[in-house]
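413 is the number of the first residue of the sequence shown in this note's numbering; add one for each residue after it.
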Amino acid sequence: MKIYLHGKPQPGFLAANHTSYLDPIVVQAIKTGGAVSKIEVKDYLLFGPIADKVGMLWVKRENSKSRTGAIQQLNQWDAVNDPLWIFPEGTTSTYGNLDPFKMGVFKAAENTGHMIQPLVFCYDNPLVDWGRTGKEKDLFSSIIDFYKDNIRTNVYCFWMKPMKVGPGQAQKVADELHRKMLIYIKRFERPRDE
């Protein structure tokens with residue numbers, strides 16, 4: 413995998429689109445920080461222990477108390493001095509698409525005054541979308557198959573202009589960021605032979 417990077421990040425919550433299980437590796441290679449993740453990742457071979465080391469805010473997505481607790485932690489997070497990655501979709505989107513955003517990071521930015529520093533990345537190989545290729549067994553087996561099959565991909569990463577969320581503007585900023593990220597995804601996320 414080759415990573416191509418354009419731009420430089422500014423302090424704030426780090427928000428990126430989410431297509432593949434490669435995404436956490438890519439974002440950590442670009443800028444180290446903690447992250448928000450579903451609790452199930454804690455049990456993933458290799459991923460769980462590494463996630464614990466970088467600092468993870470774990471969320472039980474089906475549990476409203478856990479979601480509320482995560483939001484409360486975000487509202488107190490010092491994103492300037494303690495970088496935190498968030499995938500606003502809350503799950504992976506299919507290759508070439510972008511699911512609707514959850515409001516957590518946007519509300520946290522509104523409440524804390526921290527900027528949102530977006531990163532959009534685009535792969536040039538649809539086989540990075542491990543959850544939808546039809547060959548999956550489990551995460552670890554999918555990773556092994558990915559490397560065994562010698563799958564190649566480039567990832568094109570673009571730091572976007574930081575976004576301020578003013579009072580009552582969380583939904584508006586979320587919609588605007590979604591629109592802007594989708595422009596990049598539609599332009600750059602496509603197979604190499606196109």
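Glycine is no exception: its CB is placed at the ideal position from the N, C-alpha and C atoms.
Going by Cα to Cα distance, which pick from the options is closest to residue i?
i, options, result
"residue 450", "520, 583, 565, 499", "499"
"residue 573", "414, 416, 425", "425"
"residue 492", "471, 484, 439, 528", "528"
"residue 466", "479, 485, 497", "497"
"residue 479", "515, 444, 420", "515"
"residue 486", "519, 512, 436, 504", "519"
"residue 434", "490, 558, 476", "558"
Here's a check: name, in chain order, each residue in its chain whose Cβ is nearer than 6 Å to the Cβ of residue i, leaving out the five neighbours to either side.
i, result
"residue 473", "450"
"residue 522", "577, 582"
Do residue i and residue j have their CB atoms nearer than 8 Å?
i, j, result
"residue 428", "residue 533", "yes"
"residue 603", "residue 536", "yes"
"residue 569", "residue 456", "no"
"residue 539", "residue 597", "no"
Alpha carbon to alpha carbon, what distance is there between residue j and residue i?
i, j, result
"residue 563", "residue 591", "30 Å"
"residue 530", "residue 502", "15 Å"
"residue 393", "residue 580", "What is shown of the chain runs 413 to 606, which leaves residue 393 out entirely."
"residue 488", "residue 444", "20 Å"
"residue 524", "residue 586", "16 Å"
"residue 566", "residue 517", "28 Å"
"residue 477", "residue 601", "36 Å"
Starting from the C-beta of residue i, find all residues in its chain whose C-beta is less than 7 Å away, skip the five residues before and the five after it, and write them out in chain order.
i, result
"residue 541", "431, 432, 506, 507"
"residue 422", "527, 529, 574"
"residue 468", "446, 447, 449"
"residue 453", "459, 460, 463"
"residue 440", "466"
Excluding five sequence neighbours on each side, which residues of the same chain lie with their C-beta closer than 8 Å to the C-beta of residue i?
i, result
"residue 418", "568, 569, 570, 571"
Any chance you could list the beta strand (DSSP E) runs of at least 3 consecutive residues sitting entirely within the stretch 511-574, in chain order?
The qualifying runs are 528-535, 566-571.
In chain order, which beta strand (DSSP E) runs of at least 3 residues are fully inside the stretch 457-484?
The beta strand (DSSP E) runs lying completely inside the stretch 457-484 and spanning 3 residues or more are 468-471, given in chain order.
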